[in-house]
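Chains as they are written, first to last, in the working numbering: chain A, 2 to 696; chain B, 4 to 448.
Cβ coordinates follow ideal geometry from the N, Cα and C atoms, glycine included.
Quick caveat, the model's predicted, so the values are computed rather than measured.
First up is the structure itself, then whatever we jot down about it.
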Amino acid sequence: MSVFNQSRSNIIRLIFLGLFLIIIVQLFNLQVIQGKYKQLAMDNAVFPKVKYPDRGIIYDRKNRPILNNTIMYDLVVVPNEARKTDTFGLCEILGIDTAEYRKRIIEARIKNGPYRPSIFEDLLEPLLQARLDENLWKFPGFALVERPVRVYPFNAAAHIMGYIGEADSGIIKRSGGYYHMGDYVGRNGLEAYYERVLMGQRGVEFLLKDNKNRLVGNYEKGRYDTPAVRGRNLNTYIDIELQQLAEKLISGKMGAVVALDPKTGGILAMASGPNFNPNSLTGPNKQKNYASMVLDVSAPLLNRAIKGQYPPGSTYKPIGALIALDEGVINQNSGIGCTGAYYGCNKVVRCTEHWQGHSANLRLSIAWSCNSFFSDVFRKTVDNPAYHSSRTGLVKWTEYMHAFGLGHRVGIDLPSEDGANVPDTTQYDKEYRRSWNSCTMVTLGIGQDKLTVTPLQMANSMAIIANKGYYYIPHFVKSIENETGQDTVMKKYRQKHEVLTHIPNDVFDIVQEGMQDVVENGTAKVARIPGISICAKTGTAENKTVLDGKVIQLKDNSMFVCFAPREDPKICVAVVVQNGGFGATWAAPIGSFLVEKYLTDSIRAERMPDVKRISEANIMPEYLNRLQYKTDSIRAWKWFNITKDSNYIKKYMPHGGKKTAVLPAPVAGVKHAEKDQMINKNLYAKRSTTDKRNP
Amino acid sequence: MNNQRNPTISKGVDSTLIWLYLLLVAIGLMSIFSVTYHEGDDVLRSFLNFKTNYSKQLIFFAASLLIGLFILLTDSKFFTATANIWYAFGILLMLLVFPFHTNIKGTESIIKLGGFNLQPAELMKLFVCLALAKYLSRVETDFNKTSSHLMAAGILVLPALITIAQHETGLALVFFAFFLVMFREGLPAGYLVIGFSLAVLVVATLLVDKNVLAIVLTAIAIVAIYFGWRITRQRRELIIIVAVVWASCVGVQRFAVPFIFTHVLKGYQVERIFSLIGRENPYAKLNTVEGDEPVAVKKDTDYNVRQSKIAIGSGGFIGRGFLKGTQTRFDFVPEQSTDFIFCTIGEGFGFLGSLAVLGIYIFLLLRIVNIAERQRSVFSRCYAYGVASVFFFHIAINICMTIGLAPVIGIPLPFISYGGTSLITFTTMLFILIRLDADRQMVLR
Numbered sequence: 002m003s004v005f006n007q008s009r010s011n012i013i014r015l016i017f018l019g020l021f022l023i024i025i026v027q028l029f030n031l032q033v034i035q036g037k038y039k040q041l042a043m044d045n046a047v048f049p050k051v052k053y054p055d056r057g058i059i060y061d062r063k064n065r066p067i068l069n070n071t072i073m074y075d076l077v078v079v080p081n082e083a084r085k086t087d088t089f090g091l092c093e094i095l096g097i098d099t100a101e102y103r104k105r106i107i108e109a110r111i112k113n114g115p116y117r118p119s120i121f122e123d124l125l126e127p128l129l130q131a132r133l134d135e136n137l138w139k140f141p142g143f144a145l146v147e148r149p150v151r152v153y154p155f156n157a158a159a160h161i162m163g164y165i166g167e168a169d170s171g172i173i174k175r176s177g178g179y180y181h182m183g184d185y186v187g188r189n190g191l192e193a194y195y196e197r198v199l200m201g202q203r204g205v206e207f208l209l210k211d212n213k214n215r216l217v218g219n220y221e222k223g224r225y226d227t228p229a230v231r232g233r234n235l236n237t238y239i240d241i242e243l244q245q246l247a248e249k250l251i252s253g254k255m256g257a258v259v260a261l262d263p264k265t266g267g268i269l270a271m272a273s274g275p276n277f278n279p280n281s282l283t284g285p286n287k288q289k290n291y292a293s294m295v296l297d298v299s300a301p302l303l304n305r306a307i308k309g310q311y312p313p314g315s316t317y318k319p320i321g322a323l324i325a326l327d328e329g330v331i332n333q334n335s336g337i338g339c340t341g342a343y344y345g346c347n348k349v350v351r352c353t354e355h356w357q358g359h360s361a362n363l364r365l366s367i368a369w370s371c372n373s374f375f376s377d378v379f380r381k382t383v384d385n386p387a388y389h390s391s392r393t394g395l396v397k398w399t400e401y402m403h404a405f406g407l408g409h410r411v412g413i414d415l416p417s418e419d420g421a422n423v424p425d426t427t428q429y430d431k432e433y434r435r436s437w438n439s440c441t442m443v444t445l446g447i448g449q450d451k452l453t454v455t456p457l458q459m460a461n462s463m464a465i466i467a468n469k470g471y472y473y474i475p476h477f478v479k480s481i482e483n484e485t486g487q488d489t490v491m492k493k494y495r496q497k498h499e500v501l502t503h504i505p506n507d508v509f510d511i512v513q514e515g516m517q518d519v520v521e522n523g524t525a526k527v528a529r530i531p532g533i534s535i536c537a538k539t540g541t542a543e544n545k546t547v548l549d550g551k552v553i554q555l556k557d558n559s560m561f562v563c564f565a566p567r568e569d570p571k572i573c574v575a576v577v578v579q580n581g582g583f584g585a586t587w588a589a590p591i592g593s594f595l596v597e598k599y600l601t602d603s604i605r606a607e608r609m610p611d612v613k614r615i616s617e618a619n620i621m622p623e624y625l626n627r628l629q630y631k632t633d634s635i636r637a638w639k640w641f642n643i644t645k646d647s648n649y650i651k652k653y654m655p656h657g658g659k660k661t662a663v664l665p666a667p668v669a670g671v672k673h674a675e676k677d678q679m680i681n682k683n684l685y686a687k688r689s690t691t692d693k694r695n696p
Numbered sequence: 004m005n006n007q008r009n010p011t012i013s014k015g016v017d018s019t020l021i022w023l024y025l026l027l028v029a030i031g032l033m034s035i036f037s038v039t040y041h042e043g044d045d046v047l048r049s050f051l052n053f054k055t056n057y058s059k060q061l062i063f064f065a066a067s068l069l070i071g072l073f074i075l076l077t078d079s080k081f082f083t084a085t086a087n088i089w090y091a092f093g094i095l096l097m098l099l100v101f102p103f104h105t106n107i108k109g110t111e112s113i114i115k116l117g118g119f120n121l122q123p124a125e126l127m128k129l130f131v132c133l134a135l136a137k138y139l140s141r142v143e144t145d146f147n148k149t150s151s152h153l154m155a156a157g158i159l160v161l162p163a164l165i166t167i168a169q170h171e172t173g174l175a176l177v178f179f180a181f182f183l184v185m186f187r188e189g190l191p192a193g194y195l196v197i198g199f200s201l202a203v204l205v206v207a208t209l210l211v212d213k214n215v216l217a218i219v220l221t222a223i224a225i226v227a228i229y230f231g232w233r234i235t236r237q238r239r240e241l242i243i244i245v246a247v248v249w250a251s252c253v254g255v256q257r258f259a260v261p262f263i264f265t266h267v268l269k270g271y272q273v274e275r276i277f278s279l280i281g282r283e284n285p286y287a288k289l290n291t292v293e294g295d296e297p298v299a300v301k302k303d304t305d306y307n308v309r310q311s312k313i314a315i316g317s318g319g320f321i322g323r324g325f326l327k328g329t330q331t332r333f334d335f336v337p338e339q340s341t342d343f344i345f346c347t348i349g350e351g352f353g354f355l356g357s358l359a360v361l362g363i364y365i366f367l368l369l370r371i372v373n374i375a376e377r378q379r380s381v382f383s384r385c386y387a388y389g390v391a392s393v394f395f396f397h398i399a400i401n402i403c404m405t406i407g408l409a410p411v412i413g414i415p416l417p418f419i420s421y422g423g424t425s426l427i428t429f430t431t432m433l434f435i436l437i438r439l440d441a442d443r444q445m446v447l448r
């Protein structure tokens with residue numbers, strides 16, 4: 002019947018072939034021409050998991066680890082699997098209520114979705130972790146996950162070691178993409194300085210995930226994975242027992258202690274007060290602890306050993322004597338008749354000693370720290386007849402000071418060291434409009450005026466005197482594990498700096514004798530250790546601060562520098578106790594304890610009460626209370642301006658905050674002057690009462 | 004009668020078709036295996052415990068072979084004789100679905116018989132194929148008459164309408180594939196031209212702004228009248244014809260399409276169509292009355308096709324290798340053992356593998372057309388064309404939807420997709436064809 006339609010079979014064949022051709026073209030387009038789908042499939046299914054290497058361990062001189070790695074536990078939850086969990090039991094162990102529990106579960110759900118684990122509570126206390134571990138079977142969907150953290154087994158050396166923190170956007174940008182979000186980076190101390198050595202090499206593991214983002218295995222059986230390479234360890238010069246002692250002695254005080262080995266430049270101990278337990282920045286409460294330390298005006302996070310700039314006071318005098326001796330303006334028999342003050346210039350320079358003969362010669366003058374003598378010596382140095390003007394004399398003096406490692410950064414292996422200040426001609430030109438003479442800056446001779454040094458610089462200058470002219474840049478790290486030629490970081494610390502070796506040894510001997518007398522029968526008899534010849538110098542430096550717009554005179558800084566033993570120097574110590582009074586009161590005993598501990602490995606029993614007394618003493622300067630009040634109240638005001646939350650500002654208000662209505666709501670764009678006025682008016686109305694607290 | 008006493012059933016059986024069939028089922032089993040298998044599974048045990056998809060498919064395959072064997076043992080006349088009875092039986096089954104259906108995944112077309120889900124619409128493909136062949140091969144049927152056209156169309160439109168009523172629009176479309184059979188048997192080309200024009204009009208309605216389209220249609224009508232005026236003398240009739248055509252076009256564009264999209268099709272189907280052509284769904288607001296969230300639904304439908312395209316595209320030229328495809332192994336592609344099984348082939352074996360499978364299919368289809376053309380009996384020829392049409396429709400639409408050329412319609416890929424009903428139906432269709440072909444010297448009515 003339909004045989005006539007035979008040709009139509011060909012049309013049907015053509016329809017079939019035509020549609021298949023369209024399909025093949027589209028397949029070719031998808032599979033061959035468009036390459037993007039492979040990447041899309043990879044993004045879908047492959048999760049590159051970064052494997053973090055263990056950071057390097059830091060050892061002290063006796064191979065005791067002072068910065069180590071340990072495992073802490075996070076409690077993680079997979080929200081969808083946690084439905085049948087014993088909520089009350091968990092809340093009871095963690096000490097939270099069910100509302101908080103629900104809040105955290107919702108947070109986890111939002112953060113990582115219902116099928117993937119999210120952190121429920123991080124960095125559990127060991128006790129809590131143990132309790133959870135026992136009861137974990139009651140809580141399906143919850144698990145304890147290891148997390149490596151840094152630990153400081155001796156609870157010491159916080160300022161030296163520094164800490165690690167997550168890389169912020171600035172670090173990531175500066176590293177040129179090396180660091181990623183979530184990486185940990187050394188943020189301070191040795192952790193930051195030796196970051197490249199300690200961090201090791203990140204590894205990556207490619208994991209497969211399914212359509213609900215659950216990890217289901219390794220991609221290609223791990224063929225593309227790279228293992229993490231552990232960070233290299235550091236061996237340091239630090240003597241952890243000495244370090245602990247130094248920290249104990251400086252705690253409760255503002256100041257710093259530096260002890261170093263003059264032969265190598267290796268730092269044995271470095272403490273800054275007030276100090277803190279380094280483990281407080283790794284554990285569960287690190288955020289809280291960090292915040293409270295940042296907000297503390299006594300700045301416990303500040304390493305005053307490298308960042309504290311102090312007038313050296315009398316501790317400068319041995320250096321002044323050496324410069325003058327080398328310049329030939331005095332000799333060991335030079336003396337001056339001091340009756341308690343120096344009257345050579347218009348202003349009177351007071352001296353603590355009155356009795357005749359304490360400044361009869363150089364040795365006695367050092368031993369008794371005669372201000373008149375050293376004022377005279379300084380003027381002689383500047384007004385050196387060998388040069389034609391006192392300008393050249395001051396330039397020469399500045400050069401000497403720089404040679405002693407003062408006035409510039411020493412180059413320690415810690416970040417953010419300060420250079421402090423050795424004044425030069427430009428500074429005086431600026432201040433005195435080029436009309437100045439040796440009398441203008443006569444107090445430089447007793448380590449005052451514009452001269453400032455850091456405790457590290459003080460210790461280093463002692464090392465130069467002890468070594469009779471040379472030094473190694475002070476540093477902590479003795480060696481790096483598996484050190485290669487590429488570790489250029491250590492090069493500069495192994496180089497001998499023969500800065501003042503042109504000064505003859507007998508000149509050094511004169512000064513060293515004077516310094517030995519300081520301990521034997523001079524100002525620092527308290528520092529004497531039988532059987533050890535200590536060369537030392539005390540210092541009592543005037544200092545001022547600005548508070549409430551007024552310059553106020555603070556109690557003198559107590560300073561002490563020393564090295565011992567004189568014949569074969571093994572340790573140099575510099576101690577600063579801010580606002581402690583006489584050098585011999587606080588700083589000298591601290592220095593002496595450190596020397597004794599280091600050289601004899603223990604402290605004599607009869608001195609232990611002193612150790613105890615000093616370490617327990619709290620001589621934080623009183624003006625800090627006022628400063629803290631001021632800072633807190635300004636912060637509270639700013640907080641109030643931002644959030645309109647009056648909780649914090651109330652206690653800074655007159656009448657305990659009852660007059661909140663008086664405060665006009667700040668209008669957007671209020672001028673700064675107006676705001677300042679407001680602050681003064683409202684926040685400092687209680688000045689009289691606070692002054693009572695700080696008489 | 005001779006055949007019944009024939010000692011071998013293999014006489015006249017087209018072995019090529021059987022080999023192609025076995026090859027496709029093997030590819031299907033392998034694909035389902037690669038979707039279901041997880042590293043470390045005990046393959047032998049899971050094949051034997053018949054709990055995984057691939058082992059179940061193996062059972063279905065065995066059942067299909069058994070049915071195929073029975074069919075080969077049956078007399079060809081049985082099929083011509085019982086074609087209409089089967090059709091009536093099928094319609095009855097479909098009607099029975101309404102009171103007895105089980106609600107699975109939003110469809111209302113399945114009856115649960117013990118542990119077996121029976122979908123009468125699937126079986127109906129076979130019955131329509133038989134009934135249509137029977138009708139066209141009747142001596143008294145004169146296929147030049149419009150009334151026979153309507154009658155033939157009625158045979159396939161009836162089950163299609165019932166299927167639409169069961170909310171299985173995709174399955175209903177399959178029945179329209181039989182128009183190819185009618186075309187072969189002499190359906191005037193005008194029908195196809197009209198159908199094609201209608202399709203163009205519907206697509207244009209979706210793509211072009213409705214007022215612009217109305218203006219274009221009016222312009223075409225005016226041009227037609229202008230040129231027709233010169234050619235023909237029956238000017239009044241010309242104007243009437245053009246006016247009627249114009250009115251129906253505008254009617255389709257203005258009223259019919261919006262009506263279908265808001266009332267006949269379900270919200271998700273409309274979304275699928277619009278996500279295919281990459282447009283915002285203008286009917287979304289109307290659909291929200293039923294409680295569908297247009298944005299969420301769109302995202303969902305988008306997800307299927309996007310993941311399926313990623314899977315196939317990631318295969319590249321030579322593929323990622325057997326069991327290496329991450330898209331299909333980790334359930335990124337939904338429905339991947341059934342409707343989206345082609346992704347497994349595309350991802351695992353790439354362009355070459357896909358080409359090979361397509362080659363097997365086109366070889367199968369052309370082979371069936373060749374077999375159809377060598378039949379002496381009209382019944383066998385019509386039946387063969389029916390089988391070819393149904394296979395073609397399934398293959399083309401299924402693959403097109405996985406590569407983003409057609410909207411997502413849940414129809415399986417013949418012999419490869421997982422599923423008992425579809426495998427058994429397709430096997431039955433193919434083996435009846437083989438049986439009929441074996442008796443191609445006979446004239447069956």
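In angstroms, rounded to a whole number, what distance separates the CA positions of ASN334/A and ASP518/A?
Approximately 16 Å between the Cα atoms of the pair.
Answer with buried or exposed for PHE73/B, where buried requires no fewer than 16 other C-beta atoms within 10 angstroms of its C-beta.
Here PHE73/B is exposed, its C-beta having fewer than 16 other C-beta atoms within 10 Å.
In three-state DSSP terms, what is CYS573/A?
If DSSP states are grouped into helix, strand and coil, CYS573/A belongs with the strands.
Listed by chain order, chain B residues near ARG14/A by CB distance under 7 Å:
Under the 7 Å cutoff, chain B gives LEU369, VAL372.
Taking the C-alpha atoms as reference points, what is the distance between TRP369/A and SER360/A?
Distance between the alpha carbons of TRP369/A and SER360/A: 8 Å.
Secondary structure of SER273/A, DSSP reduced to three states:
Residue state, collapsed to three classes: strand.
Give a yes or no on whether 8 Å exceeds the smallest Cβ distance from SER317/B to chain A.
It does; some Cβ of chain A falls within 8 Å.
Might you give, ordered along the chain, the residues of its own chain that have their beta carbon closer than 7 Å to the beta carbon of ARG438/B, omitting 5 neighbours on each side?
So the list reads ILE74, LEU75, THR77, SER79, once near-sequence residues are dropped.
Between which two residues does the alpha helix (DSSP H) carrying PHE92/B extend?
Per DSSP, the unbroken alpha helix (DSSP H) holding PHE92/B starts and ends at 79–103.
Report the partner residues of ARG9/A according to the DSSP bridge assignment.
Paired residues: none, contrary to the question.
Taking only beta-carbon positions, decide if TYR180/A is within less than 8 Å of chain B.
Judged by the 8 Å Cβ criterion, TYR180/A is not in contact with chain B.
Within 8 Å, strictly: CB atoms of ASN468/A and PRO570/A
Their beta carbons are under 8 Å apart, which means ASN468/A touches PRO570/A by this criterion.
Check for me: the beta strand (DSSP E) holding LYS551/A runs from which residue to which?
Looking at the DSSP string, the run of the beta strand (DSSP E) that includes LYS551/A is 551–565.
Could you tell me whether any Cβ in chain A is nearer than 8 Å to the Cβ of ALA202/B?
No, ALA202/B does not count as interfacial toward chain A.
Quick check on DSSP: helix, strand or coil for ALA257/A?
Looking at ALA257/A - three-state DSSP - the assignment turns out to be strand.
LEU31/A at chain B interface by Cβ criterion, 8 Å
True, the Cβ-Cβ gap to chain B drops below 8 Å.
DSSP state of HIS476/A, grouped into three classes?
The three-state reading of DSSP puts HIS476/A in strand, counting E and B together.
Across which residues does DSSP place THR644/A in a beta bridge pair?
THR644/A pairs with nothing; no bridge assigned.
Between which residues of its own chain and ILE363/B is the CB-CB distance below 7 Å, once the five residues before and five after are set aside?
Cβ within range, chain order: LEU23, LEU26, LEU27.
Rounded C-alpha distance that separates SER37/B from VAL152/A:
Each residue's Cα considered, the two are about 49 Å apart.
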